[in-house]
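The block underneath contains the structure these notes are about, expressed in C-alpha cells.
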Amino acid sequence: MPAITPGYLYTFFALIAVSSILLASFMDYANAIRFSSEVWKLRDLMDHVAAEATELLTMALTTNVSAETYIQAPAALGRQQYWLALRNDSVRAWLEGGFGDTPTEGGVLRVFLSCKAEASGCYVSGYGAIHLTCFTGAAAPRIVISSLSQTGW
Numbered sequence: 005m006p007a008i009t010p011g012y013l014y015t016f017f018a019l020i021a022v023s024s025i026l027l028a029s030f031m032d033y034a035n036a037i038r039f040s041s042e043v044w045k046l047r048d049l050m051d052h053v054a055a056e057a058t059e060l061l062t063m064a065l066t067t068n069v070s071a072e073t074y075i076q077a078p079a080a081l082g083r084q085q086y087w088l089a090l091r092n093d094s095v096r097a098w099l100e101g102g103f104g105d106t107p108t109e110g111g112v113l114r115v116f117l118s119c120k121a122e123a124s125g126c127y128v129s130g131y132g133a134i135h136l137t138c139f140t141g142a143a144a145p146r147i148v149i150s151s152l153s154q155t156g157w
C-alpha cells in the first residue's frame, strides 16, 4: 500500500504543473487580445483627431483665420491611460500617441497630417476634452493640442 501513494502524489504534482502552465498561457493570450483592441481604439481616436486637425489647418489656410475645436475623448482605453502629442519636422506634421501618462519621443503610433504646419502640444487622457487650436502663421499655420483643463475651462 505505501508504494501506491507516491505514484498518486507525483501525478497530482504533474497535474498542478500542467494546469499552471495552461492557466498562464490563457491569461497571456487574453491580455494580448485586450491590448490589441486598445491599440485599435487608440488608432481610431488618433484618426479622428488628425482629421479634425487637418480640417482646422485647411480652414486656416483658405480663410486666414484662427479656429479651435473640442473633441470628447474617453478617460481611458480599456484600463490604460493614453496620451496624444502633435509634433513636426521641417517637412511634415504628425500626431503621435501611446499608452501611459508620460508622452515619450517616438510614440507607439503615428498619424501624419496632410498639411504642412508647426505642431506642438500634448494631451493626456483623464484631463477633459481634447482642445485643438489653429493659428495662422507667417510661414505655415500653427496647430496646438491640449486638454480642456489645461486651457482653464
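All residue numbers for the sequence shown refer to our numbering, where the first residue is 5 and numbers rise by one.
Cβ coordinates follow ideal geometry from the N, Cα and C atoms, glycine included.
Bear in mind that the values here come from a model prediction, so they are computed numbers and not experimental data.
- Restricting attention to 25, 135, 128, the CA atom closest to the CA of residue 46 is found in 128.
- Counting the other Cβ atoms within 10 Å of the Cβ of residue 26 gives fewer than 16, which makes it exposed.
- According to the DSSP assignment, residue 114 belongs to the beta strand (DSSP E) that extends over 113-116.
- Counting other Cβ atoms within 10 Å of its Cβ, residue 17 stays below 16 and is therefore classed as exposed.
- The C-beta of residue 11 has fewer than 16 other C-beta atoms within 10 Å across all chains shown, which makes the residue exposed.
- In this structure residue 145 is buried. Its beta-carbon is surrounded by 16 or more other beta-carbon atoms within 10 angstroms.
- The continuous stretches of beta strand (DSSP E) do not include residue 152, and DSSP gives it neither H nor E.
- Going by C-alpha positions, residue 64 is about 6 Å away from residue 140.
- Comparing alpha-carbon positions, the option among 33, 73, 34 lying closest to residue 149 turns out to be 73.
- Annotation: the continuous beta strand (DSSP E) that includes residue 102 extends over 97-103.
- Around residue 53, the same chain offers 75, 88, 99, 134 as residues with beta carbons nearer than 7 Å, after the five sequence neighbours per side are excluded.
- For residue 68, there is no enclosing beta strand (DSSP E), since its DSSP letter is neither H nor E.
- Partner residues in the beta bridge of residue 126, as assigned by DSSP, are 89.
- Contact annotation: residue 97 and residue 77 have beta-carbon atoms that are not nearer than 9 Å.
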